[in-house]
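Participant:
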Amino acid sequence: MPELPEVEHVARSLHKQIVGAHIAAVTYLDWERMIETPSVDQFRKLLQGRTIQNIGRRAKWLLITLDEGWTLTFHLRMSGYITIQDTIAPPDKYVHLVIEFTDGRQLFFHDIRKFGRTRLLDPVGLRELDQAHGIEPLEDDFTVDALSSLLRNRQARLKPLLLDQTVIAGIGNIYADEALWHAQIHPLRTSSDLNDDEVARLHNSIRKALQTGLSNGGSTLRNYRNSYGEQGTNQDHFHVYARITHPCPRCGHSIERITVGQRGTHICAHCQTLNPQNERSATT
DNA sequence: CATTACCTGCAA
DNA sequence: TTGCAGGTAATG
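See below:
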């Protein structure tokens, strides 16, 4: 789903639905490889009887806080999503895990491509997951200066850096392209080469792209939905992503698709130049 | 840094 | 039939 705005929406919708619920049992599992830790037996046993205390998000991980210090985490990767079923519904072929609550409701984990994963973590595991990820771009500590220092000493091209979860957490292919378009910066620029004005624009644009995604309920290209089964509408507001040959909303130039770090990348080659010549503003 | 793998569906 | 898809980990 799988980027920050989508996972955040799942967390919020799940929060409304299942905080306070008690887990009766794992009642269905047809893809054991989705459980990364602990063992399948331990996973089943430890979940039994747990109470859901809170729901959160870290990077693209969904965090379901349970009692006894456990945290049930999900990563939806490309095509995963979670729904809460009010009525008894038989899982279809794309449901790989069902957790039943004592009130009879069921949590379904759906995933066409079977890339999604879950972990049941103790406090140490949770801390390791946290520490494996970079700064949260919507938090207050993500300042222009913070971004500046992240970019300063890196030779990486900008877009792969934005997608690196150990540097900034939660940005994926959609929001990277949208943010770079908004900032008018080419995805192949070298991170350390950005001048102060460009860093400030990028900072603003990352937040803007993510906030827009959030306020539109996330982006649904194919599979994404929140825990009520609702799709997002942000795909109707893309400027460049998946809009090859459409006119750039800013200048009218045709949107192009290039490849950057093996990922499809959408740019306006007119607004986002590799060697900006009119960048007089800040810097040395 | 690039390639491959993990999976399945869908559009060209 | 081929290539592509919101992500990431493993391997040259």
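Under numbering that gives the first Met the number 0, residues 0 to 283 are what the first sequence spells out, in order.
By construction, the Cβ of each residue, glycine as well, lies at the ideal position given by its N, Cα and C atoms.
1) Do you know whose CA, among L46, S191, Q210, D196, lies nearest I170's CA?
2) Do the segment 18-27 and the segment 177-192 touch if we need at least three Cβ pairs shorter than 8 angstroms?
3) P37 to D121, Cα distance in whole Å?
4) How far does the beta strand (DSSP E) with E135 in it reach, from first residue to last?
5) What residue range is occupied by the uninterrupted beta strand (DSSP E) comprising V18?
6) Identify which residue in D91, D144, L71, E7 has its Cα closest to the Cα of G124.
7) Quick check: the Cα distance between T26 and Q47, rounded to an integer number of angstroms?
8) What does a CB cutoff of less than 6 angstroms around Q164 pick up in its chain, not counting 5 residues either side in sequence?
9) Given this structure, state the Cα-to-Cα distance separating I111 from S78, to the nearest angstrom.
10) Out of curiosity, what's the CA-to-CA distance linking W180 and T264?
11) Considering only residues of the same chain and omitting the five flanking positions on each side of T242, which have a CB-CB separation below 7 angstroms?
12) Please classify Y227: is it buried, with 16 or more other beta-carbons within 10 angstroms of its beta-carbon, or exposed?
13) Among residues of its own chain, excluding the 5 on either side of R153, which ones have a beta-carbon nearer than 7 angstroms to its beta-carbon?
14) My output table needs one value for T70: the three-state DSSP class, helix, strand or coil.
15) Measuring only the C-alpha atoms, how far is I257 from T219?
16) Can you give the beta carbon distance from R206 to L137, rounded, assuming they're within the 8 angstroms contact cut?
17) H245 and H269: beta carbons closer than 8 angstroms?
18) Mind checking W30: buried by the 16 CB within 10 Å criterion, or exposed?
19) What is the DSSP secondary structure of P4, reduced to helix, strand or coil?
20) By the 10 Å Cβ neighbour count, where 16 or more other Cβ atoms means buried, how is C247 classified, buried or exposed?
21) What residues in its chain sit with their C-beta under 6 angstroms from that of R76, if we drop five residues either side in the sequence?
22) Within this structure, are the beta carbons of I173 and E7 separated by less than 8 angstroms?
23) Could you tell me whether the Cβ atoms of E5 and G260 are closer together than 8 angstroms?
24) How many Å lie between A155 and R249 at the Cα?
25) Between the beta-carbon of Q84 and the beta-carbon of L65, is there less than 8 angstroms?
26) Taking all protein chains shown into account, do 16 or more other C-beta atoms lie within 10 angstroms of the C-beta of C267, making it buried, or fewer, making it exposed?
27) Apart from the five residues just before and just after L162, which ones in its own chain have a Cβ nearer than 8 angstroms to its Cβ?
Facilitator: In this structure, then:
1) Selected option, being the one with the closest Cα: Q210.
2) By the Cβ test, the segment 18-27 is not in contact with the segment 177-192, since fewer than three Cβ pairs between them sit closer than 8 angstroms.
3) About 10 angstroms.
4) Element bounds for E135: n/a, residue is neither H nor E.
5) Per DSSP, V18 lies in no beta strand (DSSP E) segment and is marked neither H nor E.
6) Checking every option, the nearest Cα to that of G124 belongs to L71.
7) Each residue's Cα considered, the two are about 10 angstroms apart.
8) Excluding residues within five positions, the ones whose Cβ falls inside 6 angstroms are A58, H132.
9) Their Cα atoms are separated by approximately 6 angstroms.
10) Cα-Cα distance, rounded: 11 angstroms.
11) The question names Thr, yet the displayed sequence has Arg at residue 242. Excluding residues within five positions, the ones whose Cβ falls inside 7 angstroms are I254, H265.
12) That one is exposed.
13) Apart from the 5 residues on each side of it in sequence, R153 sits with its Cβ closer than 7 angstroms to the Cβ of L160, S190, S191 in its chain, given in chain order.
14) Strand, per DSSP.
15) Those two C-alpha atoms are separated by around 22 angstroms.
16) The beta-carbon distance between R206 and L137, rounded to whole angstroms, is 7 angstroms. This is short enough to meet the 8 angstroms contact definition.
17) Contact flag unset, no.
18) The residue in question, W30, is exposed, as its Cβ has fewer than 16 Cβ neighbours within 10 Å.
19) In the three-state reduction of the DSSP assignment, P4 falls in the helix class, which pools H, G and I.
20) With 16 or more other Cβ atoms within 10 Å, it is buried.
21) Within the same chain, R76 has close Cβ partners F114, G115.
22) Their beta carbons are not under 8 angstroms apart, which means I173 does not touch E7 by this criterion.
23) No Cβ-Cβ contact shorter than 8 angstroms links E5 with G260.
24) One C-alpha to the other measures close to 27 angstroms.
25) One thing to note: Q84 has its Cβ no nearer than 8 angstroms to the Cβ of L65.
26) For C267, the number of other beta carbons within 10 angstroms of its own is at least 16, and it is reported as buried.
27) Excluding residues within five positions, the ones whose Cβ falls inside 8 angstroms are I170, G171, N172, A175, G260, R262.
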